[in-house]
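Taking it in order: structure first as structure tokens, then the write-up.
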Amino acid sequence: MIRKTLVVLLCAIGLNAHAALDPAQVRQLAAEDSTEKVAAIRQIVQAADPDAERVLTAMADGNLYLANDKALIIDGDAAVDAATGAKMKMPAEPESVTVNNRIRGELANALAALKLFDADPAVRLASAQKLQSSVSADMAPLLAKALEKESDAQIKALLTTAHAQASLANPDPAVRLAAVQALAEANSSTIKAMLLPLTDKASEPEDKVRYAAIEAVKSIDRRLAVGETLGSIFTGVSLGSILLLAALGLAITYGVMGVINMAHGELLMVGAYSAYGIQSLFRAYAPDYIDWYLPAAIPVAFFAAALVGIVMERTVIRWLYGRTLETLLATWGLSLILIQAARVLFGAQNVEVANPSWMSGGIALMPNLMLPWNRIIIIGFALFVLFLVWVLMNKTRLGMFVRAVTQNRPIASCVGVPTARIDTLAFALGAGIAGLGGVALSQISNVGPDMGQGYIVDSFMVVVVGGVGQLAGAVWAALGLGIFSKLLEGWAGAVIAKIVILVAIIVFIQKRPQGIFALKGRFVE
């Protein structure tokens, strides 16, 4: 029994001796000069002592004090020696250690570095990811030690990058050269900024290192450019999907009735406000199911916009068929009425339509290329709506009647097609599809009374370029307009991009007035 007790005591003494930190280094944490504090933090981290995290965490939390020329950790009524962990008597007037923003950032990096030795791989991974943004040269030995012990491939790759960053300031040119070569495969603008000083002879006198840094920066620039271009293309596709939803309905109404509906953008607004209304109902009466308000808003937005479209067609547009200018002016007046009605009902300010949790986040393909889930889902939704419209137009009796009226209204009427009813149904269908576009638009843009004004001109351009009544033409025109808009905006700005695209469309229409795809038939009205 005595022997066992002695063994336990010796083990405890050994553990305490291992856990103890250098009292002089710990005392330096309370120095007046921030530079001395930073030096002490880095020295304590280098030891990778199990007790270092306890002391640095206490300092970050404001629990590190100085009393009788000794650093203490005071938490509530308990006081312990910061270096040894031994319990101490509570001092009369302890002096708190000041932690400014510089020290706070240094402590965050130090604590992240110490967690590289945690037993949990998830903790080590989070720590390695955090160190990618900021790592000092003093951490190189610690990172090398962690790299030797690491077995996880993903964490090891991150540690390799962090160690290379820390080695850029090494006095040995060979070490700096190896670090530059390791970082040359990165795709981060942060790493590019780290390498840029080494491209200057004043900062890097060694020619081999400097030339390697220049090539590394060029290589990173090429990969970043690829990421930016792919990001612009993806954003353009998502914009094109919104334009497609807006233009599909316009293509149907313009193709069937020849109506230039200037209020079509406000039908987008009706759909977006429908989504806002359903969201408000879910928040008030079913908060536990708030994530599912969006699927519920889709049919509501379709029928709400379709109903508004039927009212517009029955009360105003029906009496103006064949009178293009009067129809244009009348629908412009209807757009003003709808905008003012939205201001009266919902206010002049934009309203918030939040993304459901399952639409948050995204897929990170590259450090500068993130594909948000909301835009991915919107693209999929647009393709689904396009498929339904194609089935309706090509596989149903209503679609056959709509195509007949679009190609030759007099002959369709002569063979028994109820053209007046088809006009109403086609206008309701086009308005409902615009309402679906408004639901999609509410997930990536502000919802307000004037939101439809920015899409009406682009929608008409899609219809004209694609070909009147042609779904395939609308798809190609919408995607082309969206992609080229975003690519040109990145190169020349939004205003110049709009001008260039408008000029290109004018030239295209001059050369091919029927659009990308012309209507097939012996006679087109």
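Residue numbers (this note's numbering): 5 to 529. Each residue gets a CB set at the ideal place from its N, CA and C atoms; glycine is no exception. As the structure is a prediction and not an experimental result, all values here were calculated from the model.
Residue 447 sits buried, since 16 or more C-beta atoms from the chains shown fall within 10 Å of its C-beta.
Sequence-distant Cβ neighbours of residue 171 in its own chain, meaning closer than 8 Å and more than five residues away, are 141, 144, 179, 180, 182, 183.
Its Cα nearest to that of residue 346, the residue 451 stands out among 451, 478, 185. Between residue 440 and residue 309, the gap from beta carbon to beta carbon is short of 9 Å.
For residue 446, the three-state secondary structure derived from DSSP is helix. At the C-beta level, residue 262 and residue 488 stay beyond 9 Å of one another. Non-local C-beta neighbours of residue 63 in its own chain, meaning closer than 7 Å and more than five positions away in sequence, comprise 33, 101, 103, 111, ordered along the chain. Annotation: the continuous beta strand (DSSP E) that includes residue 374 extends over 373-376.
Secondary structure at residue 140: coil, using DSSP grouped into helix, strand and coil. In this structure, residue 234 places its C-beta atom within 9 Å of the C-beta atom of residue 369.
Secondary structure remark: continuous beta strand (DSSP E) runs of at least 3 residues inside the region 19-102, in chain order: 68-71, 74-79, 82-85.
Around the CB of residue 248, 16 or more other CB atoms lie within 10 Å, so the residue is classed as buried. Non-local beta-carbon contacts of residue 30 in its own chain, meaning distances under 8 Å to residues more than five positions away in sequence, involve 44, 48, 59, 75, 86, 87 in chain order. With a threshold of 16 other beta carbon atoms within 10 Å, residue 335 meets it and is buried. When DSSP reads this structure, residue 370 sits in a beta bridge with 373. Annotation: the continuous alpha helix (DSSP H) that includes residue 198 extends over 193-199. Within its own chain, the residues whose Cβ lies closer than 6 Å to the Cβ of residue 173, once the five positions on either side in sequence are excluded, are 141, listed in chain order.
Pairing residue 257 with residue 388, the inter-Cα distance amounts to about 20 Å.
Taking residue 167 as the centre and dropping the five residues before and after it, the same chain places the C-beta of 144, 147, 148, 151 closer than 7 Å to its C-beta, in chain order. Here the region 454-467 makes no contact with the region 291-299; the two share fewer than three CB pairs at distances below 8 Å. DSSP, read as helix, strand or coil, puts residue 419 in coil. If the five residues before and after residue 203 are omitted, its C-beta is found closer than 7 Å to the C-beta atoms of 214, 217, 218, 221, all from its own chain and listed in chain order.
With a beta-carbon spacing of about 7 Å, residue 444 and residue 386 fall inside the 8 Å limit used to define contacts. Take the alpha-carbon of residue 520 and the one of residue 477: they are about 6 Å apart. Between residue 250 and residue 342, the gap from beta carbon to beta carbon reaches 9 Å or more.
Residue pairing of residue 355 in beta bridges, as defined by DSSP: 451. In this structure, the alpha-carbon of residue 188 lies about 51 Å from that of residue 286.
The continuous alpha helix (DSSP H) containing residue 106 extends over residues 105-118. For residue 320, no alpha helix (DSSP H) encloses it, and the DSSP letter there is neither H nor E. Cβ neighbours of residue 227 within its own chain (closer than 6 Å, five residues either side excluded): 191. Counting only runs of 4 or more residues that sit fully inside the region 295-344, the alpha helix (DSSP H) segments are 297-319, in chain order.
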